[in-house]
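Asker:
There are 4 protein chains.
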Amino acid sequence: MKNVAIFGAGRIGRIHAGNLAALSGVTLKYVSDPVADAAGSLARQLGAQVASADQVFADSAVDAVVIASSTDTHSDLLSRAAAAGKHIFCEKPIDLSLARVRSCVQAVQQAGVACMIGFQRRFDPTFNEARSRLDRGEIGNPEMLIVTSRDPGAPPVDYIKASGGIFRDMLIHDFDVFRWILCADGDTAQWLSATGSVLTDPAIGAAGDLDCTAVTIRTAKGRLCQINTTRRSAYGYDQRFELMGSHGMLQCGNHRPTEVAQWDAGGIHGDNPENFFLQRYAAAYRLEMAHFFDCLQSGSPFRTTVADGLAAQELADAASESAKSGRPVNW
Amino acid sequence: MKNVAIFGAGRIGRIHAGNLAALSGVTLKYVSDPVADAAGSLARQLGAQVASADQVFADSAVDAVVIASSTDTHSDLLSRAAAAGKHIFCEKPIDLSLARVRSCVQAVQQAGVACMIGFQRRFDPTFNEARSRLDRGEIGNPEMLIVTSRDPGAPPVDYIKASGGIFRDMLIHDFDVFRWILCADGDTAQWLSATGSVLTDPAIGAAGDLDCTAVTIRTAKGRLCQINTTRRSAYGYDQRFELMGSHGMLQCGNHRPTEVAQWDAGGIHGDNPENFFLQRYAAAYRLEMAHFFDCLQSGSPFRTTVADGLAAQELADAASESAKSGRPVNW
Amino acid sequence: MKNVAIFGAGRIGRIHAGNLAALSGVTLKYVSDPVADAAGSLARQLGAQVASADQVFADSAVDAVVIASSTDTHSDLLSRAAAAGKHIFCEKPIDLSLARVRSCVQAVQQAGVACMIGFQRRFDPTFNEARSRLDRGEIGNPEMLIVTSRDPGAPPVDYIKASGGIFRDMLIHDFDVFRWILCADGDTAQWLSATGSVLTDPAIGAAGDLDCTAVTIRTAKGRLCQINTTRRSAYGYDQRFELMGSHGMLQCGNHRPTEVAQWDAGGIHGDNPENFFLQRYAAAYRLEMAHFFDCLQSGSPFRTTVADGLAAQELADAASESAKSGRPVNW
Amino acid sequence: MKNVAIFGAGRIGRIHAGNLAALSGVTLKYVSDPVADAAGSLARQLGAQVASADQVFADSAVDAVVIASSTDTHSDLLSRAAAAGKHIFCEKPIDLSLARVRSCVQAVQQAGVACMIGFQRRFDPTFNEARSRLDRGEIGNPEMLIVTSRDPGAPPVDYIKASGGIFRDMLIHDFDVFRWILCADGDTAQWLSATGSVLTDPAIGAAGDLDCTAVTIRTAKGRLCQINTTRRSAYGYDQRFELMGSHGMLQCGNHRPTEVAQWDAGGIHGDNPENFFLQRYAAAYRLEMAHFFDCLQSGSPFRTTVADGLAAQELADAASESAKSGRPVNW
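Residue numbers (the working numbering), protein chains in the order written: chain F, 1 to 331; chain W, 332 to 662; chain H, 663 to 993; chain Y, 994 to 1324.
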């Protein structure tokens, strides 16, 4: 039986807490959140206790922590958890500063604890099936990856100001998909060119950020990746990718709430994609939490490690730099 | 807080037990099954006790029972539950004998308990969305319903022998869909013609049953319904319907495990439908159990009543008779 | 070089005339139509001469005739063409009276001319591909055929009054599809049950006809066919079929004008099917005319013979009778 | 009546000749090709005469010429046709040298003849419908364009050596699509970054060319375009684009030979896209030739002018330069 504490009782914290509480062999012991009401209500709902970070780290019965608090608290909690010998599940991004991310990686390695980063797309049934087929050789050698990643609407400008910019906040997932899919055999980014615009809301530009981006990466093996994103998609959340290989192509589509098609005088109408990430990735969130505890139990390596968190962040930094300078980054 | 007992710890019983145990405000108190091991393991897993039917009915703390045992035990358990004043969720079919079904209906009415029949398709997100759009008038008046209902493979011949035949065992769901969709405004079947064949396995014919059927129903308002079924679909479980209305058509497709399309030299390949009813109707089973307890709590009527169970069975009987005689049945 | 005369310069006549005039080795010599203007304009456009039926049959240079005039003239023109030793392409139906159809069959056989009936669906690229795959054994033995056949709107009531009824006028194509697909190995209809309603326009009922029908056919080998039709489909012309076989299913969809999908706040919207038969079957009309002259040239048998015309008409008659009596027809 | 001469009796020349010969009001008078057999056979088939370029330009009865000969002859024929006062339809590219293209543009302007360039994608029913919807405002302001352009296989290396490289030979169409769709309101490219690889055939690399490319363009208004191409797609010819706008997205899919879906134990299988450009763009080639003569007749401007040919070529040159230098091009 694993005893777990969760940091963060907000939107994503509640998802993770509910998923881990439903796992057999796992007990949610503590909920920790500076907002006392949020912590209390989540703890009550799941039969856990409210605790401070100090209490959590001091309790030797706690085996693992889930860090789902605000981004600026991640690196501190992660380092303290490592020091306390707790295994760690940490939401992306680890930190907006690459230096702090690197010291987190070091802390984890020195402590010898297991640390998984929450790149939930790797657990999405559709995306994961594509990766499995790639591994089985069904499309031969991977050559080109086209990633479409569009949010239904931008977060508040205050959030954007503190987000580290669209490449670190939003495309970090896409950079992880690039690495997971196109670099599965150890290939690495060699050349990256990013650009972007402010097309959906001038306030985003005034905050120093972009809302639409176009990134291209070429790997050491010559593979090509193109990522297109926007903060505001009129038809909702759009999460697709296409992987072109030497023997075929894998096209990963959106999931939809229902399979109803309405045929009428105006045409044939199908559902929009699932509303946003909580709906689209509901299964993925469940499966990644199960994976975390399965690996803790079996000692198998995680599918997404702290090193993956670092590597995605390095690409995000490079893209930010490229978009600013108008010139590519080479490795 | 509702205390519940479940009869039946087999495949569908475990589904229902898991779903109801996850509902807040609901406690699974007893599991009852003649197979002691099955009852014991399910009870242990969900923190319930094993009990005999006598114990269940004698315990005044039990508010409701879920009958998911073998079909031949349904009518007896249902009648006893009604007599004991327990609310009832009963899997379809209530009984293979129409006479016994009618006496169950009477028992429920006399006892004044609530009784819901497990026609889970009414809770399928896709089918239910179609019904909602029909209710909202999006396709005008309903005119024709085409139901495709194909199983991936036939059950064992011994099961078939005791099943009451394909119309009562398999099409009962399709007859309920017909009533739910095409008779939503009180319309009724007026003419029914059924035929069928043995095309997939001669053993089914030797057992006196059919494995492929074609049913047509015309309602009092002149609406037309065609149902096609087979026990053996090479590509798996196929559950679709199309509802033609005066202003448009609603086409309900299958659900699929993933949204991966593979494009290669052989064409463009998508997933087959979800494997079988446990997968396709996973959400429906969850939603119908929630609906059962929501209605018990609020006093709202069930979406599928014991009268619906009777009405579907009457259509199944008529279809069996029509297929045997080669002549239609008129009401 | 084949010299050809066409009877009928109306809508379908102009299609056939244009298609045959574009074939190399074929010369359109005469256009014949009681409406002098129609004949004249079509003849001018394609470099042909206007002629009476007498002139056509008297001209020994005419090798073949295409009969695309009004239905009530078909059997007379067909018999005269046979007597004159001309090869014949005749639009369906040959005649509304089975007796006259049979005497046409006899006339053709006695004269030893070749006679093809215009069941153009057999030349539709999608439907024809399905038949080819069936022949190649890709889905094993055929078991069930579901035909969806819906017109965008009813013809004028005056047309309906003279049409012989919906089964002879509209479903004749569907009965031919049934025979072509499900009876490709010589199987035959053994039991047929038809019903129908007047749901779209009371004037159709007042004219003694139906506007929605549901037909079921069981063959000697136990195969099942269901056909659903309506005269008025709100979303346009709908021509699909599904063929279930022991090893798989072939689903034939509609053709669409464009492959644009519009994603917006209201969902994902695709094109309706091609507008009506002239658009959907444009390729089929071209291919059937080429087939007619290819077979004349090579001596190969036609894909659709006068015997097919007779057989489809017999099924239409049986369906009319069944729908009237409310009882099935047995063979 | 317009009298026309065609230069080039190869693959694309025969397509254009067949299409223009079928237009009413247009006469194909001459076929000119250095390969006498090709010219002769095409001329015979369409009732035209074989002629040298000198004869064509000397015949004052010739109103227009169609230049479908090898690329290295285009600019010379175009200049001579302009000088002779003939209207011109010229296949893309005008010439591999931008300087020669510019002098062709000048020659056309000075002569006052009409000159249309064969960017047939602008006449594809699907792509053209997307442009029409954009013009009607159905998706609001255009923001991002994702172009997928994949050939089924590379041409012979000798062809590639003389082709000017993949950007000038293959992507010229994609650059025209970018301008036609994303710059419809006069917007222009401001920043272009291109990269590429040799992934499908080392011989292409040895010839100094690339076989996979990724291009990004940002316009003066901040719109973003990404183009991905490959010379070798295992599943065939793939021609799609997605246009993201402020109010919705237009997704243009491939056309397929048939609408058959086969459902079997291996999944649900649909047709690959139309085989290659002659099939996919058959309608487009027909429509562009009709457009050419319609505009000559009515005096309306062409949808694709010689200025469009120049502008696409400038983008192709910029992309070649960017891919070589590894740095973006700015305007």
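Backbone N, C-alpha and C define an ideal beta-carbon position, used for all residues, glycine too.
Which of the residues in the segment 462-477 of chain W, read from start to end, lie with their CB under 8 angstroms from any CB of chain F?
Answerer: Under the 8 angstroms Cβ criterion, the segment 462-477 of chain W contributes R464, E469 and I470.
Asker: Since G253(F) and A592(W) are thought to touch, with beta carbons under 8 angstroms apart, how far apart are those beta carbons, to the nearest angstrom?
Answerer: For the purposes of this step, residue 253(F) is identified with residue 253 of the first sequence, where counting begins at 1. For the purposes of this step, residue 592(W) is identified with residue 261 of the second sequence, where counting begins at 1. With 8 angstroms as the limit, G253(F) and A592(W) qualify as a contact, their Cβ atoms being about 7 angstroms apart.
Asker: Give me whichever residues DSSP pairs with T862(H) in a beta bridge.
Answerer: Position 200 of the third sequence, counted from the start, is the residue given in the question as residue 862(H). According to DSSP, T862(H) bridges with nothing at all.
Asker: Are the beta-carbon atoms belonging to R830(H) and S714(H) less than 8 angstroms from one another?
Answerer: Mapped onto the third sequence, residue 830(H) falls at position 168. Mapped onto the third sequence, residue 714(H) falls at position 52. Not in contact: R830(H) and S714(H) (Cβ atoms no closer than 8 angstroms).
Asker: How about G1295(Y) and A1107(Y): are their beta carbons less than 8 angstroms apart?
Answerer: Taking the fourth sequence and counting its residues from 1, one reaches residue 1295(Y) at position 302. Taking the fourth sequence and counting its residues from 1, one reaches residue 1107(Y) at position 114. Strictly speaking, residue 1295(Y) in this sequence is Phe, with Gly absent from that position. In contact: F1295(Y) and A1107(Y) (Cβ atoms closer than 8 angstroms).
Asker: What's the C-alpha gap between A1123(Y) and L1243(Y)?
Answerer: Walking along the fourth sequence from the start, residue 1123(Y) turns up at place 130. Walking along the fourth sequence from the start, residue 1243(Y) turns up at place 250. C-alpha separation (whole angstroms): 6 angstroms.
Asker: Assess, as a yes-or-no matter, whether the segment 952-961 of chain H is touched by the segment 852-860 of chain H under the definition of 3 or more beta carbon pairs within less than 8 angstroms.
Answerer: Judged by Cβ distances under 8 angstroms, the segment 852-860 of chain H makes no contact with the segment 952-961 of chain H, as fewer than three pairs qualify.
Asker: Could you name the residues of the same chain whose beta carbon sits closer than 7 angstroms to that of T635(W), not counting the 5 residues immediately before and after it, in chain order?
Answerer: Counted from its first residue, the second sequence places residue 635(W) at position 304. Closer than 7 angstroms at the Cβ level, and outside the excluded window around T635(W), lie M447, I448, F450 and R453.
Asker: CB-CB under 8 angstroms to T200(F), same chain, minus the five flanking residues each way: which ones, in chain order?
Answerer: For this step, residue 200(F) is matched to residue 200 along the first sequence. Closer than 8 angstroms at the Cβ level, and outside the excluded window around T200(F), lie A154, D211, C212, T230, R231 and R232.
Asker: Considering just the uninterrupted stretch of the beta strand (DSSP E) at I1220(Y), what are its terminal residues?
Answerer: Stepping through the fourth sequence from its first residue, residue 1220(Y) is reached at position 227. Its beta strand (DSSP E) spans residues L1217 to T1223.
Asker: For A614(W), collect the residues of the same chain with a Cβ closer than 8 angstroms to its Cβ; drop the 5 residues on either side in sequence, then sort them by chain order.
Answerer: Within the second sequence, residue 614(W) is the residue found at index 283, counting from 1. Cβ neighbours of A614(W) beyond the five flanking positions: F454, D455 and P456.
Asker: Can you tell me where the alpha helix (DSSP H) holding A1032(Y) begins and where it ends?
Answerer: Here residue 1032(Y) refers to the residue found at position 39 of the fourth sequence. Counting along the chain, the alpha helix (DSSP H) containing A1032(Y) begins and ends at A1029 to L1039.
Asker: Do the CB positions of I1197(Y) and I1153(Y) come within less than 8 angstroms of each other?
Answerer: For this step, residue 1197(Y) is matched to residue 204 along the fourth sequence. For this step, residue 1153(Y) is matched to residue 160 along the fourth sequence. Against a cut-off of 8 angstroms, the Cβ pair of I1153(Y) and I1197(Y) comes out as a contact.
Asker: Looking at the structure shown, is A184(F) part of a helix, part of a strand, or coil, going by DSSP?
Answerer: Position 184 of the first sequence, counted from the start, is the residue given in the question as residue 184(F). The answer is coil: DSSP assigns A184(F) none of H, G, I, E or B.
Asker: Would N472(W) pass as a contact of S577(W) if the rule is Cβ separation under 8 angstroms?
Answerer: As a position in the second sequence, residue 472(W) is number 141, starting the count at 1. As a position in the second sequence, residue 577(W) is number 246, starting the count at 1. In contact: N472(W) and S577(W) (Cβ atoms closer than 8 angstroms).
Asker: Are I1060(Y) and G1011(Y) closer than 8 angstroms when you measure CB to CB?
Answerer: By 1-based counting over the fourth sequence, the position of residue 1060(Y) is 67. By 1-based counting over the fourth sequence, the position of residue 1011(Y) is 18. Going by C-beta atoms, I1060(Y) is not nearer than 8 angstroms to G1011(Y).
Asker: Using beta carbons (cut-off 8 angstroms, strictly below), is G153(F) in contact with chain Y?
Answerer: By 1-based counting over the first sequence, the position of residue 153(F) is 153. Closer than 8 angstroms: no.
Asker: Could you give the distance in angstroms between the alpha-carbon of R342(W) and the alpha-carbon of Y612(W)?
Answerer: Along the second sequence, one-based indexing puts residue 342(W) at 11. Along the second sequence, one-based indexing puts residue 612(W) at 281. Rounded to whole angstroms, R342(W) to Y612(W) spans 13 angstroms at the Cα level.
Asker: Kindly indicate the opening and closing residues of the alpha helix (DSSP H) around N996(Y).
Answerer: Here residue 996(Y) is taken as the residue at index 3 of the fourth sequence, counted from 1. Run containing N996(Y): none in the alpha helix (DSSP H); it sits in the beta strand (DSSP E), K995 to F1000.
Asker: Grouping DSSP H, G and I as helix and E and B as strand, with all else coil, what is S825(H)?
Answerer: The residue you call residue 825(H) lines up with position 163 of the third sequence. Correct three-state label for S825(H): coil.
Asker: Pull out every residue of the segment 443-457 of chain W whose Cβ sits closer than 7 angstroms to any Cβ of chain Y, in chain order.
Answerer: Here the close residues number zero.
Asker: Does H586(W) get closer than 8 angstroms to chain Y when you measure Cβ to Cβ?
Answerer: Translated into the one-based positions of the second sequence, residue 586(W) becomes position 255. False, the Cβ-Cβ gap to chain Y never drops below 8 angstroms.
Asker: According to a CB-to-CB cut-off of less than 8 angstroms, which residues of the segment 569-584 of chain W neighbour chain F?
Answerer: Residues H578, G579, M580, L581, Q582, C583 and G584.
Asker: Have a look at Y692(H) and V712(H) and give me their C-alpha separation to the nearest angstrom.
Answerer: Residue numbering aside, residue 692(H) sits at position 30 when the third sequence is read from its first letter. Residue numbering aside, residue 712(H) sits at position 50 when the third sequence is read from its first letter. Going from the Cα of Y692(H) to the Cα of V712(H) covers about 5 angstroms.
Asker: Tell me the DSSP bridge mates of Y692(H)?
Answerer: As a first step, residue 692(H) must be located in the third sequence, where it is residue number 30. Per DSSP, A667(H) and Q711(H).
Asker: Counting only the same chain and skipping the five closest in sequence on each side, list residues whose C-beta sits under 6 angstroms from that of A1207(Y).
Answerer: Mapped onto the fourth sequence, residue 1207(Y) falls at position 214. Around A1207(Y): T1188 and N1221.
Asker: Which chain H residues sit within Cβ distance under 9 angstroms of A1254(Y)?
Answerer: The count along the fourth sequence starts at 1 and reaches residue 1254(Y) at position 261. Those within 9 angstroms of A1254(Y) in chain H are M911, L912, Q913, C914 and G915.
Asker: Out of Q1306(Y), I1210(Y) and A1057(Y), which has the shortest C-alpha to C-alpha gap to L1175(Y)?
Answerer: Here residue 1175(Y) refers to the residue found at position 182 when the fourth sequence is read from its first residue. For the residues Q1306(Y), I1210(Y) and A1057(Y), the minimum Cα distance to L1175(Y) belongs to I1210(Y).
Asker: How big is the Cα-Cα spacing for A438(W) and S410(W)?
Answerer: Here the question's residue 438(W) lines up with position 107 in the second sequence. Here the question's residue 410(W) lines up with position 79 in the second sequence. Between A438(W) and S410(W), the C-alpha separation is close to 6 angstroms.
Asker: With DSSP run on the structure shown, which of helix, strand or coil describes V1237(Y)?
Answerer: In the fourth sequence, residue 1237(Y) corresponds to position 244, counting from 1. The displayed chain sequence assigns Met, not Val, to residue 1237(Y). M1237(Y) falls in the strand class under three-state DSSP.
Asker: Start and end of the alpha helix (DSSP H) containing V1299(Y)?
Answerer: As a working mapping, residue 1299(Y) is identified with position 306 in the fourth sequence. V1299(Y) -> alpha helix (DSSP H) spans V1299 to S1318.
Asker: Going by beta-carbon coordinates alone, are E605(W) and Y568(W) separated by less than 8 angstroms?
Answerer: The residue given as residue 605(W) occupies position 274 in the second sequence. The residue given as residue 568(W) occupies position 237 in the second sequence. For E605(W) and Y568(W), yes; Cβs fall inside 8 angstroms.
Asker: Just to confirm the assignment: which complete beta strand (DSSP E) runs, minimum length 3, are found wholly within the segment 1067-1121 of chain Y?
Answerer: Taking only runs of at least 3 residues, the beta strand (DSSP E) segments lying wholly in the segment 1067-1121 of chain Y are 1080-1084 and 1108-1111.
Asker: Determine which residues of the segment 538-553 of chain W have a Cβ less than 7 angstroms from any Cβ of chain H, and write them out in chain order.
Answerer: Correct list: C543, A545, T547, R549 and G553.
Asker: Which of the three DSSP states, helix, strand or coil, is assigned to I1165(Y)?
Answerer: Within the fourth sequence, numbered from 1, the residue matching residue 1165(Y) stands at position 172. Correct three-state label for I1165(Y): helix.
Asker: Given that a residue counts as buried once 16 or more other Cβ atoms are within 10 Å of its Cβ, and exposed if not, what is Q1306(Y)?
Answerer: Position 313 of the fourth sequence, counted from the first residue, corresponds to residue 1306(Y). Under this definition Q1306(Y) is a buried residue.
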